[in-house]
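*Asks:* These protein sequence lines are chains A and B, in that order.
Numbers 1 to 313, taken from the numbering used here, label the letters of the first sequence in order.
Numbers 314 to 762, taken from the numbering used here, label the letters of the second sequence in order.
Even glycine gets a Cβ: it sits at the ideal position worked out from N, Cα and C.
Only a predicted model underlies this, so the values are computations on that prediction, with no experimental measurement involved.
I'd like to ask you about the structure that follows.
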Amino acid sequence: MEYLAISVLNGLIYGLLLFMVSAGLTLIFGMMGVLNFTHASFYMLGAYLAYTLQPLTGFWLAIVVSPLLVGFLGVLVERVFLRRVHRYGHAHELLLTFGLSFIIAEVVKLFYGNFPVDYRVPEQLGFAAFHIFGTQYPFYRVLMGLVSLAMFGALYLLLTRTRVGIVVRSAIYRPGMAQALGHNVPLVFMGVFGVGAALAGLAGAIAGAFYTTNPNMALELGVVVFVVVVVGGLGSLPGAMAASILIGLTSSLAVGVDASLADLFGLFGARAWAEEAGGLLTLKISSLSATLPFALMLLVLALSPSGLMGEKE
Amino acid sequence: MNPTNPMDPTNPMDPAPALARVPARVRAADADRAAVPAMLAGAALLALLPAVLSPGLLNAANQMLIAVLFASAFNVLAGQSGMLAFGHAAYFGIGAFATIHAMNALGGEGLLPTPLLPVFGLLAGGALGVAAGWFSTQRTGVYFSMITLALAELIHALAPHLKEVFGGEAGVSSMRMPAWGLDFGSSLQVYYLTLAWVSACLALLFFFTRTPVGRLALGLRENGHRLKFLGYNVHALRLLVFVVSSAFAGVAGGLQAMANESANYVLFDVRLSSEVVLNAYIGGVGVFFGPALGAALMTLFGYFVSDLTRSWLLYQGILFVLIMMYLPTGLSGLLPWWRAHSRHQPAGRLARLAALSLLAGALLLAGTVLSVELLQRVFAQDYQAQLAAGQAWPAVAFLGRDWLPGAPSTWLLPLALLAAGSLAARAAARRWQEAGDAAPAAGDGGPTP
């Protein structure tokens with residue numbers, strides 16, 4: 001019970017972190033049709049910039065300034081790079097962002113070295129939020145979850161309740177028509193790209209202090225974030241939230257499950273055969289936790305081609 | 314390099330009107346026809362290569378051949394059929410493991426002696442391709458890319474846990490057994506074995522593009538819907554193309570396993586998948602030999618430059634992004650573009666333009682290399698460790714000179730080089746454009762909209 005409660009909590013927080021990164025990605029995809037490989041790099045840059053700024057400005061200012069810088073960089077990427085190759089089609093744009101993410105990772109290695117940096121939660125935030133089954137639950141985790149929830153609320157209200165949101169949503173669903181009605185769609189694209197990058201940067205600035213900040217963090221998280229966006233349905237914010245929580249919970253819960261497929265066969269009296277066959281059948285679920293997001297994605301795509309809540313194919 | 318390069322892009326995911334592309338296809342066929350004699354000449358050259366190369370370089374040439382085959386197999390999907398796959402390391406890796414297990418199990422004797430063993434790479438790559446392809450080819454566009462990526466990551470995450478098959482951290486190793494009077498002990502014999510396999514496979518892949526199925530694959534790229542309306546079973550066609558691609562990727566993996574006499578689950582890493590994408594698009598996916606060109610150049614680039622600098626991956630990334638932005642048809646698109654211009658421009662003007670472009674390229678290259686190398690040295694861990702507070706930063710050595718990180722002149726030189734390079738590049742771009750405008754036919758139908 002204790003294990004279950006803590007796993008669910010940790011899984012929720014991890015899922016909320018995934019949402020912070022995937023929110024921008026899914027909006028950018030919905031709007032431009034580009035699966036943006038640089039997005040996870042923005043997450044990494046947010047962490048590294050906050051780490052660099054922290055000694056100069058203190059923690060709080062660092063996690064405000066670093067997302068702004070990352071957002072500015074996102075604007076540059078859209079304006080200088082993506083817009084240039086737009087006429088060559090989506091595949092070309094995807095490849096360009098892929099190349100850019102490669103460059104960003106190498107530049108980070110150039111400046112900070114190919115090893116984790118010492119970016120950690122500041123002392124004054126290292127206290128426990130509450131006690132659960134006798135163990136302390138760190139306040140910082142709760143803070144990450146709250147930031148993500150606040151982000152979801154703000155984005156949702158912005159998109160559904162404001163005039164800007166209406167323009168953005170129309171640019172997502174029918175960019176051509178929105179432009180014909182006199183809206184500056186390229187500007188909207190640039191803005192959403194910048195805001196998405198800034199949100200990823202914020203996620204990095206906050207989560208980098210709790211998890212590790214290293215040059216591989218973009219690659220590691222990036223693939224999972226792609227899975228989240230595809231599972232949730234490309235372009236759908238609530239879908240991204242649902243998929244993030246789902247994947248966060250499954251990854252977190254699976255780590256502690258010692259069962260294997262052989263146990264399932266055991267129910268039908270075929271345990272001995274399964275254990276003899278070995279291979280996949282005797283692998284413990286816990287060691288499979290890294291593969292679960294991908295298996296989940298394949299399953300969702302097989303059952304519901306446009307993801308959990310997607311409308312675009 | 315010209316930003317308004319009037320070449321047609323290869324544009325797999327965009328169902329643009331096929332009519333607008335006719336010149337591109339004609340040109341591609343043109344280039345392919347020229348490629349056959351070039352291929353024979355290249356094969357002859359490669360066969361003579363060992364006479365002049367040291368064993369170390371011979372190993373690099375071996376790696377190059379494997380990368381060439383891998384990129385060409387990848388291009389059956391990405392370039393010819395317009396399906397951008399992001400997890401081709403899976404088929405390469407499975408081919409490598411199948412071959413290494415076959416080497417251990419058969420001992421290179423019986424019906425399948427050592428030189429024939431990469432055929433297991435073909436079979437394993439093809440078999441995995443049937444399973445993965447059946448699933449992934451049901452979708453197109455971004456979903457296809459993401460499914461291939463997810464499948465490859467699934468295998469990558471699973472492989473370390475299946476110790477019986479993939480050997481865990483240590484991997485699986487084997488020995489090349491003697492056969493046909495050869496002992497396969499020297500890198501020379503391995504090189505010829507690889508060369509024979511790669512030439513045969515490239516010939517088969519080239520032949521494949523000439524078959525009706527190969528032509529239909531081009532139709533898939535241009536407009537899958539139209540193909541469907543014409544009554545073709547598009548899913549079966551996609552699957553077939555996928556299997557061909559993955560089977561030959563498996564051969565490349567098998568050859569790698571033969572050369573290294575070992576295989577490790579690191580082969581499934583996303584790095585290998587992304588390398589083949591970079592190589593193929595740097596070379597240009599529109600032409601059959603484009604990816605091969607890219608793979609050959611980038612392997613050699615890696616071999617030579619990785620000895621010189623730690624930042625060679627950065628240079629590779631910069632090169633890729635530049636090509637994506639300014640040369641959408643890749644390096645292999647340079648030749649037809651040059652030909653189109655030379656048909657309509659006086660030679661002297663063309664030479665001046667080329668000289669200006671080369672000057673711009675050289676300036677930008679010098680500026681980039683200088684800034685990257687200086688930064689790399691200044692931010693290196695061992696350099697940072699010897700800094701003392703309050704004292705000036707000591708000089709770093711590069712190109713036989715000492716550079717003071719504190720002095721403005723150190724940074725002004727690369728900046729000046731970059732600025733001059735961009736100015737020259739801008740001027741060159743403008744003149745190329747004027748040249749193109751003066752002779753609208755030069756660019757096969759004018760600039761892309």
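Give me the residue from Phe519(B), Trp447(B), Leu731(B), Met396(B) with the minimum Cα distance to Leu672(B).
*Replies:* Out of Phe519(B), Trp447(B), Leu731(B), Met396(B), Leu731(B) has the C-alpha closest to the C-alpha of Leu672(B).
*Asks:* With three or more C-beta pairs closer than 8 Å as the rule, is the segment 526-539 of chain B touching the segment 481-491 of chain B?
*Replies:* Short answer: they don't touch.
*Asks:* Assign Val697(B) to one of two classes, buried (16 or more other C-beta atoms within 10 Å of its C-beta) or exposed (fewer than that).
*Replies:* Position check: residue 697(B) holds Gln in this sequence, whereas Val was assumed. That one is exposed.
*Asks:* Excluding sequence positions up to five away, which residues of its chain have a Cβ less than 6 Å from the Cβ of Asp715(B)?
*Replies:* These residues qualify, in order along the chain: Ala708.
*Asks:* Considering only the beta carbon of each residue, do Ala660(B) and Phe387(B) sit closer than 9 Å?
*Replies:* Contact: no.
*Asks:* I want to verify the contact list: residues of chain A whose CB lies under 8 Å from the CB of Ala513(B), in sequence order.
*Replies:* Those within 8 Å of Ala513(B) in chain A number zero; the least Cβ separation is about 30 Å.
*Asks:* Tell me whether Leu303(A) sits in a helix, a strand or coil according to DSSP, three-state version.
*Replies:* Helix at Leu303(A).
*Asks:* Out of Ser655(B), Met637(B), Ala653(B), which has the shortest C-alpha to C-alpha gap to His92(A)?
*Replies:* Residue Met637(B) is the option with its Cα nearest to His92(A).
*Asks:* To be precise: take each residue of the segment 65-93 of chain A, compare its Cβ to all Cβ atoms of chain B, and keep it if any distance is under 8 Å. Which residues remain?
*Replies:* Taking 8 Å as the Cβ-Cβ cut-off against chain B, the residues of the segment 65-93 of chain A that qualify are Phe81, Arg84, Val85, Arg87, Tyr88, Gly89, His90, Ala91, His92.
*Asks:* Taking only beta-carbon positions, decide if Ala5(A) is within less than 9 Å of chain B.
*Replies:* No, no contact with chain B.
*Asks:* Name the one or two DSSP bridge partners that Asp715(B) has.
*Replies:* Paired residues: Ala710(B).
*Asks:* In angstroms with no decimal places, state the Cα-to-Cα distance between Leu676(B) and Ala733(B).
*Replies:* Computed Cα separation, rounded: 7 Å.
*Asks:* Measuring CA to CA, which of Met20(A), Leu4(A), Asn10(A) is closest to Leu237(A)?
*Replies:* Among Met20(A), Leu4(A), Asn10(A), the Cα nearest to that of Leu237(A) belongs to Met20(A).
*Asks:* So who's on the other strand from Gln136(A), going by DSSP bridges?
*Replies:* Paired residues: His131(A).
*Asks:* Let's see if you can read the secondary structure: which residues bound the alpha helix (DSSP H) around Val526(B)?
*Replies:* 525-542 is the span of the alpha helix (DSSP H), which, as asked, contains Val526(B).
*Asks:* By DSSP, does Val365(B) sit in helix, in strand, or in coil?
*Replies:* Val365(B) falls in the coil class under three-state DSSP.
*Asks:* Please determine, among Gly438(B), Gly749(B), Pro604(B), Ile407(B), the residue with the shortest C-alpha to C-alpha distance to Gln658(B).
*Replies:* Looking at the Cα atoms, Gly749(B) is the closest of the given residues.
*Asks:* Considering only DSSP beta bridges, list what Thr427(B) is partnered with.
*Replies:* The partner list for Thr427(B) (beta bridge, DSSP) is empty, contrary to what the question assumes.
*Asks:* Going by the CB atoms, is the gap between Met44(A) and Gly235(A) shorter than 9 Å?
*Replies:* Result no, Cβ atoms of Gly235(A) and Met44(A) do not sit closer than 9 Å.
*Asks:* At what residues does the alpha helix (DSSP H) containing Phe448(B) begin and finish?
*Replies:* Per DSSP, Phe448(B) belongs to the alpha helix (DSSP H) from 432-449.
*Asks:* Which residues in chain A have a C-beta closer than 7 Å to the C-beta of Gly599(B)? List them in chain order.
*Replies:* Under the 7 Å cutoff, chain A gives no residues; its nearest Cβ is about 12 Å from Gly599(B).
*Asks:* Can you find a C-beta in chain A that's less than 9 Å from the C-beta of Phe387(B)?
*Replies:* Not an interface residue.
*Asks:* What does the alpha-carbon distance come out to for the pair Met416(B) and Gly494(B)?
*Replies:* One C-alpha to the other measures close to 17 Å.
*Asks:* Counting pairs of beta carbons, one from the segment 392-406 of chain B and one from the segment 449-458 of chain B, are three or more of them closer than 8 Å?
*Replies:* Yes, the segment 392-406 of chain B is in contact with the segment 449-458 of chain B.
*Asks:* Beta-carbon separation of Ala200(A) and Ala50(A) under 9 Å?
*Replies:* No; because the gap between Cβ atoms is not below 9 Å, this pair is not in contact.
*Asks:* Return helix, strand or coil for Val485(B), following the three-state DSSP convention.
*Replies:* Residue state, collapsed to three classes: strand.
*Asks:* Closest Cβ-Cβ distance between Ser287(A) and chain B: below 9 Å?
*Replies:* Cβ-Cβ to chain B under 9 Å: yes for Ser287(A).
*Asks:* Excluding five sequence neighbours on each side, which residues of the same chain lie with their C-beta closer than 8 Å to the C-beta of Tyr211(A)?
*Replies:* Result list for Tyr211(A): Met217, in chain order.
*Asks:* Using a beta-carbon distance below 9 Å, is Phe448(B) in contact with chain A?
*Replies:* Closer than 9 Å: yes.
*Asks:* Within 9 Å of any Cβ in chain B, is that where the Cβ of Gly201(A) sits?
*Replies:* Chain B contact via Cβ: absent.
*Asks:* Could you check whether Ala409(B) and Gly567(B) sit closer than 9 Å to each other, using their CB atoms as the reference points?
*Replies:* Cβ atoms of Gly567(B) and Ala409(B): closer than 9 Å.
*Asks:* Is it right to say Ser148(A) is buried, meaning 16 or more other beta carbons lie within 10 angstroms of its own, or is it exposed?
*Replies:* Buried, because 16 or more other Cβ atoms sit within 10 Å of the Cβ of Ser148(A).
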